[in-house]
Amino acid sequence: MSEPQANGRQGRAEQQGEGYDFRAIQERWLPVWDELKPFEADDASQKPRKYVLDMFPYPSGDLHMGHAEAFCFGDVLARYWRGRGYDVLHPIGWDSFGLPAENAAIKRGVDPREWTYANIDQQKASFRTYAPSFDWSRVLHTSDPEYYRWNQWLFLKMYEKGLAYRKASWVNWDPVDQTVLANEQVLADGTSERSGAVVVKKKLTQWYFRITDYADRLLDDLDQLEGKWPTKVLNMQRNWIGRSRGAEVEFEIEGRAEKVPVFTTRPDTLHGATFMVVAPDSDLAAELAAGASPEARMQFQAYLEQTQKQTEIERQNADREKTGVFLDHFAVNPVNGERIPVWASDYVLADYGHGAIMAVPAHDQRDLDFALKFELPVRVVVDVKGEDGESLPDPASSGVATAGDGVLINSAELDGLGKADAIAKAIEVLEARGTGRAATTYRLRDWLISRQRYWGTPIPILHGADGEMRPVAVDALPVELPASEGLDLKPKGSSPLGAATEWASVVDPETGETWTRDPDTMDTFVDSSWYYLRFLSANDDTQAFDPELARKWGPIDQYAGGVEHAILHLLYSRFITKVLHDLGYLDFEEPFTALLNQGMVLLDGAKMSKSKGNLVEFASELRDHGADALRVTLAFAGPPEDDIDWADVSVQGSAKFLARAWRVADDVERAGAAVGTSFAGGDKALRKHTHQLLADAPGLVEAYKFNVVVARLMDQVNVTRKAIDSGCGAADPAVRESAEAIAVILSLFAPYAAEDMWAKLGHEPTVALAEWPSADTSLLVEDEVTMVVQVDGKVRDRLTLPASVTAEEAEAAARASAGVQRAIGEREIVNVVVRVPKIVSIATR
C-alpha cells in the first residue's frame, strides 16, 4: 500500500465518532496532496486537453478577498474539466516586477527583491491552504532572470522585424512615480492608474512597440470571440482601437514646401473649412511659429507654456472657453483654393492624426466656438433639417453647430448629394486632383514600453558614442539587473540604472569601443503579455517556450480574471500572440478562447480599504472558517460577474452546509455499505433526484452558474438526509449513490470536505481525479406529473397523474376532485382549458 493511501485509511480510522472539523480535515489532506501531486499536467498524455489559467497575482502582500474570489472560480473550472476526463494544465506564477514593489522597497529601505520574494512566499503558503488545483511544477516569477531573459529575446525579435523602435515624442508623464505611462495607463479623469497623480505631457525619447500595425487584425478578430468573452470587454477593446474611416487631405501652407496631411471623417464638408488649427505642442506648430513675426513667436511661446500645464482631459473639455494664437501663416483649401488662417489651439492634441485639423465651424461645435471667439468665417455647407422639415438656423447667429446629416450646399460638384454619396464623391475629387485619398485612422497609439525605473526588465540595446544603437547578442542574454545596493531608487525622472556605471559600460572585445546599456526598463505588461506560453516550458532554459507544446496546449481554453484588465493586459497579449504567430512560433492568433470576469468583493456597498477600516482579511477568514467554507460562500453568492457584498453573505451558513454534507458520508460509512454495491435496488425517488443533478450540473458549470450548482448540492444533501431519516436508511444503495455524487461535484468548491467524504465512502484519494458519474437517462423520465387545478383563477387542487396522461383524462380527474367540486358548487362550467402536464383551468358562472 502506498504512503498516501495508508495516510487516508489512518485518517478514516482516527475520525470514527468525530464530528466535522475543518482544521483537522485540512491538516489530514494537505500532506497527502503534496505527496500525490495530482494536478501536474502530462505533456505526453493522450487524453483530450484543457488549458485553464487564472490571471497571475502581483505579490503586494498576502492574498486578499479579490484573490479568493478570482482563484475560486478558475479552480472550479479546472477541477470540473479534470473530472470530465481531460488532462488539465492549471499553472501559477507571480507578476513580480513593477512600481508597487519598487515604491514599497524604497519606503522600507530594502531591496525590491527582498520585499517581492518575501510576499511571494507568503502568498504561496496561503494558496497552499486555500487549495487551488495548481500544477506547482511550473511556477514562474517574472522578476527571475530565467524569465525576463525571454522578455529580452522577445524584444530583440520585435526589433529585428521593425516592431520595436525608439523616437522622441510627447508622452504621458507621472509626476509622482517619475516615469512615462502608456495611453492605456491613463485613466478617464486624466490621472495615473498607478499613483493617482494628474498626468502631464513631456517630450522624451522612448521605446515603442508598433501595435498600430496590428490595429485592423486586433479589431476584426474580436468577432471570433463573440459569445466567448463578455460583451462589455469586447466593446471596450473596439472603442479603444477606435477605427475611423474617412480621407487624408493634403493642405499646402504658404512658404512651406511640404504639405500637411489632415485626417477627416467628413471630407464632404471641405468647402466649409475656413481655418486650420494645429496643436500648440506639435512639431508643426513649433516650425510655423519659428517662421512667424517676433510678436507672434512671443505669443506662441507663452501660449505653449500655458498649454503644457494643462491635462489632456482639461484640453478636451468641450465646455471650456476656446483659446489660441494666430501663427502668422495661411493654408490653402485644396478644393476651392481659398487662403485660410492657421491657428494654434489647445483643443487639438498633438497625437491626434498629424496634430492638425481642418476647422468647419458651421458643423462642429468646438470649431464654431473658436470661430465666434476670434471672429473667423462660418460657412454652412450641409443643409440640416429640423423636425418641422425646415432648415436649422445659421450657426453664425444661433451659436449652435448643425452636426446632423443633410444635403450638401455651397460645395460645387457635391451640391445636392446626401452624406454617404458626398463623402464618396469628395474622395474621388481629391484623388483626381492629387490632394487627398481615402484613409483610415485609429484611436489606438503605439505601445510605449520604456520606463524610468529600476525594478523591471532591462532593455537589451547598446548605445554608441555617435548615437548608433545595436542589440545585445542573443547568447549574451539575460542582461541582468545590477544589485540595487548603492543605487538611489527614488523617482527622479531618469532611470536609476543610468547611475550603475560599471553595469552600464560595455567594452566591445573586438574593437575596444565602449558602449552604454540602455538605462530604461520595460513596462511590466510586456512580462504578462506572453506568460501563458512560458508556463508550457517553465523549466526549459533553451527556449522561451516549445512551439510543439504550444500547438498541443494552446490557445488557452479558459481564462479567468478581473475586468480591470479588459484593455491593457488583454489587448497587449492579443498583440504579442499575433506577432509570435507571424514569426512562425504559434499556429493560433488569439490567446484566450473563453474569458470569465469576476466582480468585486465589497463590504457594506463599498470597495474594501484598510485606510477606510472596512477590510475583510482573507487570512482571518481562512483561519476562522477554513478554505472550503470560504470557497463555497464565494461560489454561492451570485453569478461570478456580479459584485459580492460580504455583509450579505454567511460563511457560517456555508460551514453548516458542509457539515451536513460530510455527515451523509459519515452515515454511509457507519452503516457499512460496501463500495461497488449496485445502486439499482435503491430508493427510486432519491435516485431520480441524484441523476437529475448529474444531468444538469455539467451545463450549469460550463455556463458559469456556480451559485446554482451549489444550491442544487444543498438541495441534494437535504433530500438525502430526509431519505435517511424517513426510514430509507444510510445503508440504502441510493444513499451511497447520492453521497458519491455529492462528493464528486462538491470537490469543485470544497476540496477538503469532498476528499474526506470520498475517503469515508471507501475510495482512495483523490476525488479530484474521480470520473464524474453519468446520468442514467432512464431515471430522468418522469413516471408521474403534478397538475394544478384552478377554478376561476384560484388553485383548488394539485393532482398527481401518470406522465402519459391525456388532456381528456386530466380534465376528468379535475372534475372528479372533491376540492374542485366544492369550489364549483351550483355554478355552471362554461370553459375548461387543459395544458398537459401543468394545469387544468376551469371557468364558471
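Each residue of the sequence shown is one higher than the one before, starting from 12 at the first, in the numbering used here. Note that CB positions come from ideal geometry on N, CA and C, so glycine has one too.
Task: DSSP state of Tyr62 mapped onto helix, strand, coil - done: strand
Task: Top-ranked residue by Cα proximity to Gln376, from Arg149, Arg838, Tyr583 and Ala329 - done: Ala329
Task: Same chain only: Cβ atoms within 7 angstroms of Ala850, ignoring 5 sequence neighbours per side - done: The sequence given here has Ile at residue 850, not Ala. Around Ile850: Met798, Val799 and Gln801.
TODO: Identify the continuous beta strand (DSSP E) that holds Ser495 and give its terminal residues.
DONE: Where Ser495 is concerned, there is no enclosing beta strand (DSSP E), given that its DSSP letter is neither H nor E.
Open item on the list: List, from N- to C-terminal side, the alpha helix (DSSP H) runs of 4 residues or more that fit wholly inside the stretch 796-839.
Closed with: 818-827 and 829-835
Task: Buried versus exposed call for Asp227 [16 or more other C-beta atoms within 10 Å across all chains shown] - done: exposed
TODO: Give the secondary structure of Val851 by DSSP, where H, G and I count as helix, E and B as strand, and everything else as coil.
DONE: strand
Open item on the list: I'd like to know if the stretch 584-591 and the stretch 620-633 are in contact, where contact means that at least 3 CB-CB pairs between them fall below 8 angstroms.
Closed with: no
- [ ] State the start and end residues of the unbroken beta strand (DSSP E) segment that holds Leu6.
- [x] The structure shown does not extend to residue 6, since the chain is modelled only from 12 through 856, so no value can be given for it.
- [ ] Please work out which residues of its chain come closer than 6 angstroms, Cβ to Cβ, to Arg723, disregarding the five sequence neighbours upstream and downstream, and give them in chain order.
- [x] Leu704
Open item on the list: Please classify Asn162 as buried or exposed, where buried requires at least 16 neighbouring CB atoms within 10 angstroms.
Closed with: buried
- [ ] Identify which residue in Lys733, Ala450, Ser758 and Leu757 has its Cα closest to the Cα of Val746.
- [x] Lys733
- [ ] Determine, using beta-carbon pairs with one atom in the stretch 410-420 and one in the stretch 147-166, whether at least three such pairs fall under 8 angstroms.
- [x] no
TODO: List in chain order: all unbroken beta strand (DSSP E) runs of 3+ residues lying wholly within the stretch 234-307.
DONE: 254-264, 271-275 and 286-289
- [ ] Measure the alpha-carbon distance for Glu14 versus Leu47 and round it to whole angstroms.
- [x] Its pLDDT being 43, under 50, Glu14 is placed unreliably by the model, and the measurement read from it follows with that caveat. Those two C-alpha atoms are separated by around 9 angstroms.
Task: Complete alpha helix (DSSP H) runs within the stretch 680-734 (minimum length 4 residues, chain order) - done: 695-713 and 717-734
Open item on the list: So the candidates are Gln663, Glu575, Trp126 and Val393; which of them puts its Cα closest to the Cα of Asp635?
Closed with: Gln663
Open item on the list: Let me make sure I understand the geometry here. Which of Val353, Ala706 and Gln319 has the alpha-carbon closest to that of Leu285?
Closed with: In the sequence on display, residue 285 carries Thr and not Leu. The option with the nearest alpha carbon to Thr285 is Val353.
TODO: Decide if Ala696 is buried, meaning its Cβ has at least 16 other Cβ atoms within 10 Å, or exposed.
DONE: exposed
Open item on the list: Restricting to runs no shorter than 3 residues, where is the beta strand (DSSP E) found entirely within the stretch 95-150?
Closed with: 98-100 and 102-105
- [ ] Please report the Cβ distance between Asp32 and Leu560, rounded to the nearest whole angstrom; I am assuming they are in contact, meaning their Cβ atoms lie under 8 angstroms.
- [x] In fact, because the Cβ distance is near 42 angstroms, the residues do not count as touching under 8 angstroms.
Task: Residue closest to Ser701, alpha-carbon to alpha-carbon, out of Val660, Ile756, Pro651 and Ala684 - done: Per the sequence shown, the amino acid found at residue 701 is Thr instead of Ser. Among Val660, Ile756, Pro651 and Ala684, the Cα nearest to that of Thr701 is on Ile756.
- [ ] Taking 8 angstroms as the cut-off, decide whether the C-beta atoms of Glu748 and Arg674 are in contact.
- [x] no
Open item on the list: With H, G and I counted as helix, E and B as strand and the rest as coil, what does DSSP make of Trp783?
Closed with: coil
Task: Which listed residue (Val440, Tyr97 and Val43) has its alpha carbon closest to that of Pro59 - done: Tyr97
Task: Closest Cα partner of Glu132 within the set Arg93, Arg119, Pro123 and Pro70 - done: Residue 132 is actually Asp in this sequence, not Glu. Of the candidates Arg93, Arg119, Pro123 and Pro70, the one whose C-alpha sits nearest the C-alpha of Asp132 is Pro70.
TODO: Count the other CB atoms, across all protein chains shown, that sit within 10 Å of the CB of Glu306; report buried if there are 16 or more and exposed otherwise.
DONE: exposed
Open item on the list: Let me check one thing: in DSSP terms, what residues is Phe341 bridge-paired to?
Closed with: Pro352
TODO: Tell me, please, whether the stretch 229-243 touches the stretch 203-219 by the rule of three or more beta-carbon pairs shorter than 8 angstroms.
DONE: no
Task: Sheet register partners of Thr202 (DSSP bridge) - done: Val209
Open item on the list: With three or more C-beta pairs closer than 8 angstroms as the rule, is the stretch 423-439 touching the stretch 265-285?
Closed with: yes
- [ ] Compare the C-alpha of Tyr715 against each of Ala685, Leu759 and Val150 and name the closest.
- [x] Leu759
TODO: Give the secondary structure of Val675 by DSSP, where H, G and I count as helix, E and B as strand, and everything else as coil.
DONE: helix
- [ ] Would you mind stating whether Gln862 and Ser505 have Cβ atoms separated by less than 8 angstroms?
- [x] With the chain represented from 12 up to 856, any question about residue 862 goes unanswered, as that position is not in the structure.
Task: Short Cβ contact (8 angstroms threshold) for Gly257 with Arg454 - done: no
- [ ] Within the stretch 739-773, note down every full alpha helix (DSSP H) run reaching 4 residues or more, in order along the chain.
- [x] 744-757 and 762-771
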